[in-house]
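Each residue of the sequence shown is one higher than the one before, starting from 864 at the first, in this note's numbering.
Working notes, structure below.
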Amino acid sequence: MRNRRPGQQVAQNPSWQTRLTTYLHQYHARRAARAKPVTGFVSQPEPRSIGLFARGKQLLAGNFLFAGVLTTSPDGSIWDAQGDRDLVDQELHGFAWLDDLAAVGDGRARAAAQAWVAEWIDDFGDGTGPGWTPDLTGRRLIRWISHGLMLLRGLDRDAQDRFFQSLGQQTLFLSRRWRAARAGLPRFEALAGMIYAGLSLEGMEDLTDPAIAALASDCADHVGPDGGIASRNPEELMDILTLLLWAQDALEASARPVPAALTDALGRIAPTLRSLRHADGGLARFHGGGRGVDGRLDQALARLGATGRGVADMGMGYARIAAGRTSVIVDGAVPPLHAASYNAHAATLAFELTSGRRPLVVNCGSGVTFGADWRRAGRATPSHSTLCMAGYSSSRLGPAQLVGGVLAEPLIDTPTDVQCIITRMDDGHRAELSHDGFRLTHGQTHARILEMTLDGRGLVGEDLLTTLNDLDKERFERACGLTGGSVPFAIRFHLHPDVEAHVDLGGAAVSMALKSGEIWVFRHDGHAELALTPSVYLETGRLKPRAAQQVVLSGVALSYATRIRWSLTKAQDTPDVVRDLAPARTDDDDASFEDEHD
């Protein structure tokens, strides 16, 4: 049996609900494995997922990069991939890597895909193993059905029968267990997979209508009026949009009516995602999300055309101010709560800035693929471009729980009052924000004002710490007493690793050079200590964190109100428009692990 390893990390005391859910998954998976209901395709949706050619070539070379760990096995199987078992299993058993092999598209890629699918059927098709969860099963069904022609080509009758038998077993399991998937992306994956199976597989037609009705219900219940979702993860929202478009395409191709709730959800999501895109087309990296696979969002938005409103100032709780070639996106809402917070970050009032094709100010990102320590560090406030009080995060991490087979920690003690006002002025754009995440511990409310010039050449910021009432003053004085009469704070501006920065003007400023040739200068009002220190940039698909730098303003709060002013402006000799010909690094860095491995 492949993919079993002792010492797998599990929750010490999983709840009875978790134990019951796991038992029911196993029971229905084994029960479904005894059925033989499918003999072929009725119809087949066209493959619409975007694979990566370079990554497909690496898979064929035996370089298996999953969950941040590279396993080299030139003559081996993808099922030999090593790493954190929970995370690796999530990637392997969802079969999204079939998209990469399909992007290569030659006979060798087809043979590898067929062999690795057959190995899954041999080792896990009896209902055992970590792949029998509703979300992974839905994801897997979509890939197997979409790439069915590639997977079946040249197979003998016995191999084809085993393939269809496994599809039927997985579909029956999904029909019985989709309700156990967590609301949000996991359930959308499960339902989209069931729709694909119901429309495509002989004998499964009766599952289609219930799946369509459930998907429509989830669209109405779990996509908010503003097009947002509870996790507030921009990349997750993009994945949901993609799944809904695939479901819509499959229904239309089968001459089935598309539910109004699905169409309405697409109309709400699309403009929200437009507002969450930076000037370079990448998504803002917040609450566990990355920039997104290159081309996927473009493809989805192009499909939807002019659906919904244009680019908004607010989307899913994020404020967007943009002018010229510059975009700023800032987290201006209460963090995700409860079950939606397992991947959420303590990022309140953090911002990112992109100029043209070049990210300048960023957040460190999700460290989930680099182990538990990096995952926790990436979620903490110091890993974001915002203010942090005395080493405290604006939200804290709660006790670990077993969620979908993976240990996860919810956010607790989050800000409860987050304000955001955007004003369009004659000479630019202004965002005024505040949160109370430090009020219980330090008696301080953090307010942030960001003003962008009308030409996008400058961003002026102001961070304010203040007490609002007598109780706040008591808390502040108590905190001061514990830390020697004042409360330290730091305002961080994490820089993208492609930015070359150095301290200038005798320590009063930092000059930052982008690969486009633009020069930006950071200055402050002198009421804090300026330093340029090491940072990291965390990317999915990397072997290790990328080294980067951060600008840090360090100070102490001595009184009930502390104000720090700073600015980010283009140097005077930097033109408004530059001819940016330097290649851009992608976040899904197929080439990057070649660079690091060579």
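Each residue gets a CB set at the ideal place from its N, CA and C atoms; glycine is no exception.
From a predicted model like this one, the values you see are computed outputs, not experimental measurements.
The three-state secondary structure of V1191, taken from DSSP, is strand. For L1260, the CB contacts under 6 Å within the same chain, skipping 5 residues up- and downstream, are E1272 in chain order.
Around I1275, the same chain offers S1258, R1259, L1260, G1261 as residues with beta carbons nearer than 8 Å, after the five sequence neighbours per side are excluded. Per DSSP, the unbroken alpha helix (DSSP H) holding G1130 starts and ends at 1123–1138. Of the candidates S1094, I1103, F1027, P1408, I1103 places its Cα closest to the Cα of L1054.
Within 10 angstroms of the beta-carbon of E1381 lie 16 or more other beta-carbons, which makes it buried. If the five residues before and after T1034 are omitted, its C-beta is found closer than 6 Å to the C-beta atoms of A1060, M1067, all from its own chain and listed in chain order. Looking only at T1403, E1314, P908, the smallest Cα-Cα distance to R1183 is reached by E1314.
In the DSSP assignment, C1082 falls outside any beta strand (DSSP E) and within the unbroken alpha helix (DSSP H) covering 1071–1085. Between the region 1211–1225 and the region 1139–1155 there are three or more C-beta pairs closer than 8 Å, enough to call the two in contact.
Proximity to D998 across R1338, Q1032, G957 peaks at G957, based on C-alpha coordinates. For H1309, no alpha helix (DSSP H) run applies; the uninterrupted beta strand (DSSP E) run containing it begins and ends at 1308–1316, by DSSP. By a beta-carbon distance limit of 8 Å, G1047 contacts S1094. Their separation comes to about 6 Å. The distance from the Cβ of A1163 to that of L1108 is about 6 Å, consistent with a contact at the 8 Å cut-off. Under DSSP, the beta-bridge partners assigned to F929 are V932. In terms of Cβ geometry, Q1413 and H1357 form a close pair [threshold 7 Å]. Between M1252 and F1301, the CB-CB gap stays under 7 Å. Of the candidates V980, D1335, L1328, L1328 places its Cα closest to the Cα of L1212. Between D962 and G914, the C-beta spacing is below 7 Å. If you check the CB distance, N1226 and S1256 do not come in under 7 Å. In this structure, S940 sits near E982, with a CB-CB distance shorter than 7 Å.
Contact annotation: S1349 and V1419 have beta-carbon atoms nearer than 7 Å.
Here A1116 is exposed, its C-beta having fewer than 16 other C-beta atoms within 10 Å. Closest in alpha carbon position to L1223, among G988, A1364, L1030, is A1364. Proximity of the region 1071–1085 to the region 1119–1135 meets the contact definition, three or more beta-carbon pairs being nearer than 8 Å. Ranking V1269, I1427, G1344 by CA distance to the CA of V1323 puts I1427 first. The beta carbons of A1411 and P1360 sit closer together than 7 Å.
Between H1309 and L1250, the C-beta spacing is below 7 Å. If you ignore the 5 residues before and after L1296, its C-beta comes within less than 6 Å of the C-beta of G1195, L1212, C1283, R1311, all in its own chain and listed in chain order. For H1292, the uninterrupted beta strand (DSSP E) segment begins and ends at 1291–1298.
Around A944, the same chain offers F927, F929, T934, V951, L955 as residues with beta carbons nearer than 7 Å, after the five sequence neighbours per side are excluded.
Looking at H1305, W995, D1326, the one whose alpha-carbon comes closest to that of L1334 is H1305. About 6 Å separates the beta carbons of W1007 and L1030, which is inside the 8 Å limit, making them a contact pair. L1014 and A1210 have their C-alpha atoms some 43 Å from each other. Taking all protein chains in view, the Cβ of A1391 is crowded by 16 or more other Cβ atoms within 10 Å, so the residue is classified as buried. Annotation: the region 974–1015 contains the following complete segments of the alpha helix (DSSP H) (minimum length 4 residues), in chain order: 997–1009, 1011–1015.
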